[in-house]
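Novice: Pasting a structure below so you can have a look.
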Amino acid sequence: MRKIGIPEIEDIALGASLLGAGGGGDPYVGKLVAIGAVRECGEVTMLDPEEVPDDALVVPIAMMGAPTILGEKAVGAGEYQSIYKTVSSFYGKPIFALMPIEAGGVNSMLPIAAAARLGLPLVDVDGMGRAFPELQMVTFTIGGGSATPMALVDEKGNSCIFNTITNKWTEDLARAVTMACGGSVSVSLFAMEGAFMKKYGVRGIVTRSQMLGSAIRRVKESEAGTPEEKFLEITEGFRLFKGKITDVLREVRGAFNFGKVVLDGIGEDKGRSACVTFQNENLTAEVDGEILATVPDLICLVDTETFTPIPTDALKYGKRVLVVGLKCFPLWRTPEGLELVGPRYFGVDTDYIPLEERCKGGRK
Amino acid sequence: MYKLGIDVGGTNTDAVIIDEDLKVVASVKSHTTPDAYDGILNAIRAVLETSGVDRSQIGQAMLGTTQCTNAIVERKHLSPIGVLRLGAPATVGIPPMVDWAEDLKKIAVKTAVIGGGFEYDGKELAPFDEEAARAFFLELKEKGVRSVAISCVFSTVRNDHELAAAKLCREVMGEDVHVSVSSEIGSMGLIERENATILNAALYQVAQSFTEGFAKSLADEGITNADIYLSQNDGTLMTMDYARRYPILTIACGPTNSIRGASYLSKLKNAIVIDVGGTTTDLGVIQNGFPRESGVAVTIGGVRTNFRMPDVISIGLGGGSIVRQRPDGSVTVGPDSVGYEITEKALCFGGKVCTATDIAVRLGMSGLGDKTRVAHLTEDFAQKAMEAILALVEDAVDAMKVSADDVDVILVGGGSIVLPAKLSGARTLAKPAEGGVANAIGSAISKVSGTYEQLIDFSAHPRDEALAQAKKEAAALAVEAGAIPETVEIIDVEDVPLAYYPGNTSRVKIKAAGDLSRKG
Numbered sequence: 001m002r003k004i005g006i007p008e009i010e011d012i013a014l015g016a017s018l019l020g021a022g023g024g025g026d027p028y029v030g031k032l033v034a035i036g037a038v039r040e041c042g043e044v045t046m047l048d049p050e051e052v053p054d055d056a057l058v059v060p061i062a063m064m065g066a067p068t069i070l071g072e073k074a075v076g077a078g079e080y081q082s083i084y085k086t087v088s089s090f091y092g093k094p095i096f097a098l099m100p101i102e103a104g105g106v107n108s109m110l111p112i113a114a115a116a117r118l119g120l121p122l123v124d125v126d127g128m129g130r131a132f133p134e135l136q137m138v139t140f141t142i143g144g145g146s147a148t149p150m151a152l153v154d155e156k157g158n159s160c161i162f163n164t165i166t167n168k169w170t171e172d173l174a175r176a177v178t179m180a181c182g183g184s185v186s187v188s189l190f191a192m193e194g195a196f197m198k199k200y201g202v203r204g205i206v207t208r209s210q211m212l213g214s215a216i217r218r219v220k221e222s223e224a225g226t227p228e229e230k231f232l233e234i235t236e237g238f239r240l241f242k243g244k245i246t247d248v249l250r251e252v253r254g255a256f257n258f259g260k261v262v263l264d265g266i267g268e269d270k271g272r273s274a275c276v277t278f279q280n281e282n283l284t285a286e287v288d289g290e291i292l293a294t295v296p297d298l299i300c301l302v303d304t305e306t307f308t309p310i311p312t313d314a315l316k317y318g319k320r321v322l323v324v325g326l327k328c329f330p331l332w333r334t335p336e337g338l339e340l341v342g343p344r345y346f347g348v349d350t351d352y353i354p355l356e357e358r359c360k361g362g363r364k
Numbered sequence: 001m002y003k004l005g006i007d008v009g010g011t012n013t014d015a016v017i018i019d020e021d022l023k024v025v026a027s028v029k030s031h032t033t034p035d036a037y038d039g040i041l042n043a044i045r046a047v048l049e050t051s052g053v054d055r056s057q058i059g060q061a062m063l064g065t066t067q068c069t070n071a072i073v074e075r076k077h078l079s080p081i082g083v084l085r086l087g088a089p090a091t092v093g094i095p096p097m098v099d100w101a102e103d104l105k106k107i108a109v110k111t112a113v114i115g116g117g118f119e120y121d122g123k124e125l126a127p128f129d130e131e132a133a134r135a136f137f138l139e140l141k142e143k144g145v146r147s148v149a150i151s152c153v154f155s156t157v158r159n160d161h162e163l164a165a166a167k168l169c170r171e172v173m174g175e176d177v178h179v180s181v182s183s184e185i186g187s188m189g190l191i192e193r194e195n196a197t198i199l200n201a202a203l204y205q206v207a208q209s210f211t212e213g214f215a216k217s218l219a220d221e222g223i224t225n226a227d228i229y230l231s232q233n234d235g236t237l238m239t240m241d242y243a244r245r246y247p248i249l250t251i252a253c254g255p256t257n258s259i260r261g262a263s264y265l266s267k268l269k270n271a272i273v274i275d276v277g278g279t280t281t282d283l284g285v286i287q288n289g290f291p292r293e294s295g296v297a298v299t300i301g302g303v304r305t306n307f308r309m310p311d312v313i314s315i316g317l318g319g320g321s322i323v324r325q326r327p328d329g330s331v332t333v334g335p336d337s338v339g340y341e342i343t344e345k346a347l348c349f350g351g352k353v354c355t356a357t358d359i360a361v362r363l364g365m366s367g368l369g370d371k372t373r374v375a376h377l378t379e380d381f382a383q384k385a386m387e388a389i390l391a392l393v394e395d396a397v398d399a400m401k402v403s404a405d406d407v408d409v410i411l412v413g414g415g416s417i418v419l420p421a422k423l424s425g426a427r428t429l430a431k432p433a434e435g436g437v438a439n440a441i442g443s444a445i446s447k448v449s450g451t452y453e454q455l456i457d458f459s460a461h462p463r464d465e466a467l468a469q470a471k472k473e474a475a476a477l478a479v480e481a482g483a484i485p486e487t488v489e490i491i492d493v494e495d496v497p498l499a500y501y502p503g504n505t506s507r508v509k510i511k512a513a514g515d516l517s518r519k520g
């Protein structure tokens, strides 16, 4: 058990933008919502998953809708109370604790705000260990968990709870209600018991975000070795490539941003070229025609000077980036995990081979 | 008739006089003084003397200034204000100024979030809570506050509530209260727009003092026939009255003016502009005659805003950058600099510090100072330093490009002598003669604009006709502001549909700009 205050929130937001692996969006508004809640209601208590009783109700909190609308309407004061009432009366028992569903963007921040406003603990766990683009892409799906019953509330006091037959229906219905409510709403999904959370959740993810954020912030203070070495050491990252962006190709299909970024090597990678593909999040990294990393391992592009993570929508010609691979949560590497989030699900015609095996030959 | 352009920067205050054909008659550089007023006065005096122009012939005077930026960064001369947001029950999760530094937050005497605001489609989110607004204004009045910032959810879509609140504010606090309304200042993104509005409100006394100071310095120098304008960040001018209401719009006019001035001098409408100063070099891009805008949120004094600012990168290289040799023989240039002390400290001026300027003199690229004083620098050392300078600049040029193709480059600024006549990545390299004062020239040649904004029901007025009419209205407003009718162009069109508003209604906002007409 420990406390999450404003300095911790700053670091978690920065770390979460690395774990977003190019996606997850800008956590800025989410960060302000979390800071606002902690200023008003005090620090949040964070629990290790082991501190949660097996039969306790644990509820992930997220937002749904358009980020530009969230940027205008933010979050009100009453949404989380409304979720609490809706969910606890549906299940007939109180919510014991809250948790994030993913470790990227605004959704890494909003559960902190909800925990502060409800005076409930936050559990150091999520369902991805990174960010993914689709609703069912959580470890809880592997364990047979369902996104519904899902509570959806707006700032005006409207609330509802969905029971759906498929994830597709959940998406369709939730989207329709979200637009009617003004385009940005708060939701709880994949509500679960403590035992299930402990079995399938990605443990320690909030702590990991915070540690990464603090390391990025302080990387230049390092005395031993170069900042780059220090960065790789702390993130346990595999150095895949360092280069200058020479081209960015983008295409919007449905709710997703597809594309690829082409890089020319600089420094020790001079003379080589690389290419990173993405669908909201980065999918593959290829150097001189050889794949060095694929989803579900994390492929992160960071600024070569500041080590600040660069989301896919900020990629542009001329930027100098370091491409780093991070190992994904082990459950994603099982056949069940790869069925949900493996390279072939994203249309990449290759088998999944773990990052550390693809990178053998001492590129770390 | 002549135009007088002035640019007040951190180090230098530049002044130019240009004639009716926009030819530069005279230009001077003088030091910026702490109160800016003396620096402006010195520059005006010097440029009048150099040019020999009759002061009664100066018909227009334009000022570009960084005083608002400095006031925010240094937290000086900011006024106490009230901050009112219309948006409850939405937005209350983020109180106003929640992530501001404590010392800057203190400018707000009182903040409140009350009922009001709209949805993205123009539907009312909550009714405007007039009673709460009245109570808030009454309290501010009692506390002696004279400036108020008002923001509202989706006021970029509909500003009815904001305007109703502003009207009420004047009713309660008196006609002379300074009211800043977010829909007139920023774009989408409530927090960033509200932040800019709050800064605008806090700057009202700063604006009053620099507009009055400028008018006074002109009058003191006997320039009494001139219309007075201020530069804003989009490369257009505003009147003194407008600048007093929207001082925040002067933010970042410096880089805009420098980029536009460089474009004007070189006759290039598409190019990368490199402005080399004493300590830093700014790189910007001119696209179709206007600066390319930055895609990222701009932070002023630690406060995030959503202003559109020129996309500029700064590198630590200037005429005064200090050159050093490392023990391993490699040579570094900058980022530290002797700055304005270059005329005392640089080797070629009899000083003891080796600067980038000394390297240029040693390599025969510049005739500044005394070249015998740099003769002891070895050719090898000087070449290595020049390679370091080139690496810095060529990397930065590359970072500003949008593709790998070579581009035209314009070199301006007092420190530009440290760069050679050829850069890799540059198709052509223009080095205009008056490049040293490009920013003051940019200020002098700025256009004037008019903005027309209206809710239009396209079911009652066919869209094409209605838009054409709206464009005419915007052009007429630009002409009213002083633009030459034949030069007026539409520079921005926004057409935001409001689904829940009666009929087929859009909020239409059109901005037109043209060259400033000659007086008389």
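If you're matching them up, the sequences are chains G and V in order.
Position 297, counted from 1, in the first sequence is what the working numbering calls 297; the numbers after and before it change by one each time, with no gaps.
Position 241, counted from 1, in the second sequence is what the working numbering calls 241; the numbers after and before it change by one each time, with no gaps.
Cβ coordinates follow ideal geometry from the N, Cα and C atoms, glycine included.
1. How about V/THR372 and V/GLY319: are their beta carbons less than 8 angstroms apart?
2. What residues from chain C crowd round G/ILE310, counting only those whose CB sits closer than 8 angstroms?
3. Taking the alpha helix (DSSP H) that G/ILE35 falls in, what are its first and last residues?
4. So, are the CB atoms of G/GLY111 and G/LEU122 less than 8 angstroms apart?
5. Rounded to the nearest angstrom, what separates V/LEU429 and G/GLU357 at their Cα positions?
6. Which runs of the alpha helix (DSSP H) at least 4 residues long sit entirely within the segment 18-68 of chain V? Give them in chain order.
7. Going along chain G, which residues have a C-beta under 7 angstroms from V/ALA90?
8. Once DSSP output is grouped into helix, strand and coil, what is the label at G/ASN282?
9. Please list the segments of the beta strand (DSSP E) lying wholly inside the segment 339-423 of chain V, counting only runs of 3 or more residues, in order along the chain.
10. Between which residues of its own chain and G/ALA180 is the CB-CB distance below 8 angstroms, once the five residues before and five after are set aside?
11. Near V/HIS215, what residues of its chain come up, given a Cβ to Cβ distance below 8 angstroms and the 5 sequence neighbours on each side ignored?
12. Once DSSP output is grouped into helix, strand and coil, what is the label at V/CYS253?
13. Please report how far the alpha carbon of V/VAL148 lies from the alpha carbon of G/LYS198, in whole angstroms.
14. Can the beta-carbon of G/ALA77 be found closer than 8 angstroms to that of V/GLY93?
15. Would the segment 245-256 of chain V count as touching the segment 81-90 of chain V if we require 3 or more Cβ pairs under 8 angstroms?
16. What in chain G is Cβ-close to V/PHE154, meaning under 7 angstroms?
17. By Cβ distance, which residues of its chain are closer than 6 angstroms to V/VAL331, with the 5 residues on each side in sequence left out?
18. Leaving out five residues before and five after V/THR69 in sequence, what residues of the same chain have Cβ atoms less than 7 angstroms from its Cβ?
19. Would you mind sorting G/ARG363 into buried or exposed? The rule is 16 or more other CB atoms within 10 Å of its CB.
20. Suppose the cutoff is 6 angstroms on Cβ atoms and the five residues either side in sequence are ignored; what does the same chain contact list for V/SER531 look like?
21. Relative to the alpha-carbon of V/ALA475, which residue among V/PRO89, V/ASN504 and V/LYS509 has its alpha-carbon at the smallest distance?
22. Kindly indicate which three-state DSSP category V/GLY261 falls into: helix, strand or coil?
23. Would G/GLU8 count as contacting chain V if we go by Cβ distances under 8 angstroms?
24. So which residues of chain G does V/GLU124 contact, with C-beta pairs closer than 8 angstroms?
25. What in chain V is Cβ-close to G/VAL29, meaning under 8 angstroms?
26. When the Cα atoms are used, what is the spatial distance from V/LYS447 to V/GLY278?
27. What would DSSP say about V/TYR452, mapped onto helix, strand or coil?
28. In the segment 44-74 of chain G, which residues sit with their C-beta less than 9 angstroms from some C-beta in chain V, listed in chain order?
29. Is the segment 284-291 of chain G touching the segment 213-230 of chain G in the sense that three or more CB pairs, one from each, lie closer than 8 angstroms?
30. Going by beta carbon distance, what residues of the same chain come within less than 6 angstroms of V/GLY520, once the five residues before and after it are set aside?
31. 8 angstroms is my cut-off, CB to CB: does G/THR246 come that close to chain V?
32. Within 10 angstroms of its Cβ, does V/ASN288 collect 16 or more other Cβ (buried), or is it exposed?
33. Tell me the DSSP secondary structure of V/LYS106 in three-state form.
34. Going by DSSP, what residues sit across from G/MET46 in a beta bridge?
35. For V/MET238, count neighbouring C-beta atoms within 10 Å of its own C-beta (all shown protein chains included) and say buried if the count is 16 or more, exposed if not.
36. Between which residues of its own chain and G/LYS3 is the CB-CB distance below 8 angstroms, once the five residues before and five after are set aside?
Specialist: Considering the structure as presented:
1. no
2. Among the protein chains in the structure shown, which are G and V, there is no chain C.
3. 28-41
4. Per the sequence shown, residue 111 of chain G should be read as Pro rather than Gly. Yes. Within cutoff.
5. 49 angstroms
6. 37-51
7. LYS73, ALA74, GLY76 and GLU155
8. strand
9. 407-412
10. none
11. Before going on, a small fix: residue 215 of chain V reads as Ala here, not His. These residues qualify, in order along the chain: ILE228 and MET240.
12. helix
13. 52 angstroms
14. yes
15. no
16. GLU72
17. GLN325, LYS384, ALA385 and ALA388
18. ILE251 and ILE300
19. Note that G/ARG363 has pLDDT 45, beneath the 50 cutoff, so the model's placement of it is unreliable and no number is given.
20. Beyond the ends of chain V as shown, which are 1 and 520, falls residue 531 of chain V; an answer cannot be given.
21. V/LYS509
22. helix
23. no
24. Result: empty, since nearest Cβ-Cβ is about 11 angstroms, beyond 8 angstroms.
25. ILE94 and ILE191
26. 29 angstroms
27. strand
28. ALA66, THR68, ILE69, GLY71, GLU72, LYS73 and ALA74
29. no
30. Interpretation of V/GLY520 is limited by its pLDDT of 38, a score under 50 that renders its predicted location unreliable; the figure taken from the coordinates is listed afterwards. The answer is none, since no qualifying residue turns up.
31. yes
32. exposed
33. coil
34. G/ARG2 and G/LEU122
35. buried
36. GLU43, VAL44, THR45 and MET46
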